[in-house]
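*Asks:* Mapping of the sequence shown onto this note's numbering: residues 702 to 1106, in sequence order.
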Amino acid sequence: MKIIAADTIVTGPGRNFVTLRISTDEGLTGVGDATLNGRELAVASYLRDHIAPLLAGRDAGRIEDTWQYLYRGAYWRRGPVTMAAVAAVDTALWDIKAKAAGMPLYQLLGGASRTGALAYGHASGRDIPEVLDSVRAVREQGFRAVRVQAGVPGLDAVYGVADSDRGGARAGASGHPRPFEETWDTAAYLRHIPRVFEAVRAEFGPELPLLHDGHHRMTPVQAARLGKDLEPYDLFWLEDATPAEDPSALRLVRGHTTTPLAIGEVFNSLHDYGPLLSERLIDYARSAVTHIGGVTAMRKLLDLAAVHGVKSGIHGPADISPVGMAAAVHLDTAVHNFGIQEYTWHAERTLEVFRPSHTFTDGMLRPSQLPGLGVDFDAEAAGRYPYEPAYLPVNRLLDGTVHDW
Ligand code: CS2
Ligand code: MG
702 MKIIAADTIV TGPGRNFVTL RISTDEGLTG VGDATLNGRE LAVASYLRDH IAPLLAGRDA
762 GRIEDTWQYL YRGAYWRRGP VTMAAVAAVD TALWDIKAKA AGMPLYQLLG GASRTGALAY
822 GHASGRDIPE VLDSVRAVRE QGFRAVRVQA GVPGLDAVYG VADSDRGGAR AGASGHPRPF
882 EETWDTAAYL RHIPRVFEAV RAEFGPELPL LHDGHHRMTP VQAARLGKDL EPYDLFWLED
942 ATPAEDPSAL RLVRGHTTTP LAIGEVFNSL HDYGPLLSER LIDYARSAVT HIGGVTAMRK
1002 LLDLAAVHGV KSGIHGPADI SPVGMAAAVH LDTAVHNFGI QEYTWHAERT LEVFRPSHTF
1062 TDGMLRPSQL PGLGVDFDAE AAGRYPYEPA YLPVNRLLDG TVHDW
């Protein structure tokens, strides 16, 4: 089966997405997600200008060879743009391979290891009463695990907290032609977050799995302090406690707290994990199929993680398209060392373009039973939603110093 076309479609139904559609001479097509929030056009160009011309005529069934050809053949290794492009090719080829085999992708990955994949939803609030209402609402949506983000007194906008004063969620904002600038105060955050989880535990009890995303903002010793302060509230994980560039930072954090740690959504190679796996400095690997290099790369990452007792916590925000989410659910179903799956609702307009057939019931995600990934991509609907320049916010400390967002 030969590749005859590789089309890159950039569309903005509610937020921007980049999708690669590969067509073959036997009539089968496959799709892959190449969305890189805030840098979508760079990946689209990488695909259109540097990868698509190389794919025509290649055997669509040679997935590993194509992955190595695009990874090693580029000479310049890794990076979020390159690996999102490679991921899209890889995922589309797995979609085609599974369709050709007449089975859903998870079957090709070894079949089901579980009856469903536990998902977690996003709760947030500008103050503690709003947080409690939001946790309640997320549970009413059927989630059995909840990520809790909260506003910080004195700060007008914080990652993960919808800002109704400005017409909706700003975190990961789309449709805004320049980055919002937010102000951050780690000391105020460290004082406040333990109180938030104390209130959530008091309201919802000890059993509900609770997660929190530090979003790269703490120094190692600040992260160690927060991990210790949150131990009484028994979190499922504390995510991105420190910036991910320095894996050794987590060596210090790990030495001070038993709060489970998760990191990796900004990684684009299993090599980025380094000692995090070999020294068991984390409990969950957070990469997304779209950013780590596709299904092939994610499977290798999770198998390496399993050797060291680390479980999956695949990244699943709204800026991962339903195609990327579908690939995650197939992997969640098949791998042994599954941990949890982030699951964020997509906008109705997004679901006009991408029609996934994975399901979310009783707090669990279950993969499509259709051959392939199980996502119907409507290119005509995609054409109705043009790309709009959109950037992630920029964070500054109170004195104006740029900080991690
Ligand atoms: C967040 C993401 O879901 C998460 O864990 O870290 O929403 C992240 O902010 C966005 O994916 C950035 O585009
Ligand atoms: Mg995160």
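In this text, a Cβ means the ideal position worked out from N, Cα and C, and glycines have one as well.
Predicted model, so just to flag it, every value in this text is computed and none were measured.
Ligand 2: which residues have Cβ under 7 Å from any of its heavy atoms, chain order?
*Replies:* So the residues near ligand 2 by this Cβ test are Asp914, His916, Glu940, Asp941, Glu966, Arg987, His1016.
*Asks:* Check for me: the beta strand (DSSP E) holding Met1065 runs from which residue to which?
*Replies:* Here the beta strand (DSSP E) through Met1065 covers 1065–1067.
*Asks:* Tell me which residues share the same chain as Pro1090 and place their Cβ nearer than 7 Å to its Cβ, disregarding the 5 neighbours each side in the sequence.
*Replies:* Excluding residues within five positions, the ones whose Cβ falls inside 7 Å are Pro878.
*Asks:* Going by alpha carbons, who is nearest to Ala986 out of Pro895, Arg926, Glu1043?
*Replies:* Here the closest residue by C-alpha is Glu1043.
*Asks:* What's the gap between the Cα of Thr816 and the Cα of Ile1015?
*Replies:* Whole-angstrom Cα-Cα distance: 18 Å.
*Asks:* Would the stretch 793–813 and the stretch 822–840 be scored as touching if the rule is three or more Cβ pairs under 8 Å?
*Replies:* The stretch 793–813 is not in contact with the stretch 822–840.
*Asks:* Along the chain, where does the alpha helix (DSSP H) that runs through Asp1077 open and close?
*Replies:* Premise fails: Asp1077 lies in the beta strand (DSSP E), 1076–1078, not in any alpha helix (DSSP H).
*Asks:* Within this structure, are the beta carbons of Phe718 and Thr712 separated by less than 8 Å?
*Replies:* Yes. Within cutoff.
*Asks:* Would Leu911 and Phe898 qualify as a contact pair, given that the criterion is a beta-carbon distance under 8 Å?
*Replies:* Closer than 8 Å, so yes.
*Asks:* May I ask whether a heavy atom of ligand 1 can be found less than 7 Å away from the beta carbon of Asp1109?
*Replies:* Since the first and last residues shown for the chain are 702 and 1106, residue 1109 lies out of range.
*Asks:* From which residue to which residue does the beta strand (DSSP E) around Ile704 run?
*Replies:* Taken as a continuous stretch (DSSP letters only), the beta strand (DSSP E) holding Ile704 covers 704–712.
*Asks:* Taking 7 Å as the cut-off, is the beta-carbon of Asn969 closer than that to any non-hydrogen atom of ligand 1?
*Replies:* No, since every heavy atom of ligand 1 falls outside the 7 Å radius drawn around the Cβ of Asn969.
*Asks:* Under 8 Å, do Ala846 and Asp1033 count as touching if we go by C-beta distance?
*Replies:* Cβ atoms of Ala846 and Asp1033: not closer than 8 Å.
*Asks:* Rounded to the nearest angstrom, what separates Ala786 and Ala753 at their Cα positions?
*Replies:* Each residue's Cα considered, the two are about 10 Å apart.
*Asks:* Can you list, in chain order, the stretches of the alpha helix (DSSP H) that have 4 or more residues and sit fully within the stretch 735–784?
*Replies:* Listed in chain order, the complete alpha helix (DSSP H) runs (minimum 4 residues) inside the stretch 735–784 are 741–746, 753–756, 764–773.
*Asks:* Would the beta-carbon of Glu841 be found less than 7 Å away from any heavy atom of ligand 1?
*Replies:* No - ligand 1 has no heavy atom lying nearer than 7 Å to the Cβ of Glu841.
*Asks:* Classify His823: buried if its beta carbon has 16 or more other beta carbons within 10 angstroms, exposed otherwise.
*Replies:* Counting Cβ neighbours within 10 Å, His823 comes out buried, since at least 16 surround it.
*Asks:* Measuring CB to CB, does Gly1025 end up less than 8 Å from Asp734?
*Replies:* Going by C-beta atoms, Gly1025 is nearer than 8 Å to Asp734.
*Asks:* With a CB to CB cut of under 8 Å and the five nearest residues on each side skipped, what residues in its chain are close to His1037?
*Replies:* Cβ within range, chain order: Ser814, Ala1007.
*Asks:* Specify the secondary structure class of Arg1097 as computed by DSSP and reduced to three states.
*Replies:* Correct three-state label for Arg1097: strand.
*Asks:* Any heavy atom of ligand 1 closer than 7 Å to the Cβ of Leu756?
*Replies:* Leu756 Cβ: outside cutoff for every heavy atom of ligand 1.
*Asks:* Can you tell me whether Asn738 sits near ligand 1, meaning its C-beta is under 7 Å from at least one heavy atom of the ligand?
*Replies:* Checking every heavy atom of ligand 1 against the Cβ of Asn738, one is found closer than 7 Å.
*Asks:* Of all the beta strand (DSSP E) runs that stay within the bounds of the stretch 920–979, which reach a length of 3 or more residues?
*Replies:* Fully enclosed beta strand (DSSP E) runs of 3 or longer: 938–940, 962–964.
*Asks:* Please specify which runs of the alpha helix (DSSP H), each continuous and at least 4 residues long, are wholly inside the stretch 783–821, giving them in chain order.
*Replies:* Counting whole runs of 4 or more residues, the stretch 783–821 contains the alpha helix (DSSP H) stretches 806–809.
*Asks:* Using 10 angstroms around the beta-carbon of Ala1080, count the other beta-carbons present and answer buried if the total reaches 16, otherwise exposed.
*Replies:* Exposed.
*Asks:* Taking 7 Å as the cut-off, is the beta-carbon of Pro830 closer than that to any non-hydrogen atom of ligand 1?
*Replies:* No - ligand 1 has no heavy atom lying nearer than 7 Å to the Cβ of Pro830.
*Asks:* Check whether the Cβ of Glu1043 lies closer than 7 Å to any heavy atom of ligand 1, and answer yes or no.
*Replies:* Result yes, Cβ under 7 Å from ligand 1.
*Asks:* If Pro880 sits next to Leu1093, beta carbons under 8 Å apart, how far is it from one beta carbon to the other, in whole angstroms?
*Replies:* That belief holds up - the Cβ atoms of Pro880 and Leu1093 are roughly 6 Å apart, short of 8 Å.
*Asks:* My output table needs one value for Ala1019: the three-state DSSP class, helix, strand or coil.
*Replies:* Coil.
*Asks:* Quick one: give me the first and last residue of the beta strand (DSSP E) that Ile643 is part of.
*Replies:* Absent from the model: residue 643. The displayed extent of the chain is 702 to 1106, so no value can be given.
*Asks:* Can you give me the start and stop residues for the alpha helix (DSSP H) that Arg840 sits inside?
*Replies:* Counting along the chain, the alpha helix (DSSP H) containing Arg840 begins and ends at 829–841.
*Asks:* With the cut-off set at 8 Å, would you say His1009 and Leu978 are in Cβ contact?
*Replies:* Going by C-beta atoms, His1009 is nearer than 8 Å to Leu978.
*Asks:* Give the secondary structure of Asp914 by DSSP, where H, G and I count as helix, E and B as strand, and everything else as coil.
*Replies:* If DSSP states are grouped into helix, strand and coil, Asp914 belongs with the strands.
*Asks:* For Asp1020, is the beta carbon positioned less than 7 Å from some heavy atom of ligand 1?
*Replies:* Indeed, a heavy atom of ligand 1 lies less than 7 Å from the Cβ.
*Asks:* Following the continuous alpha helix (DSSP H) through Ala889, name the residue where it begins and the one where it ends.
*Replies:* Segment 887–905, the alpha helix (DSSP H) holding Ala889.
*Asks:* Based on Cα-Cα distance, which residue from Arg722, Arg955, Ala1048, Lys798 lies nearest to Arg926?
*Replies:* Of the listed residues, the one whose Cα sits closest to Arg926 is Arg955.
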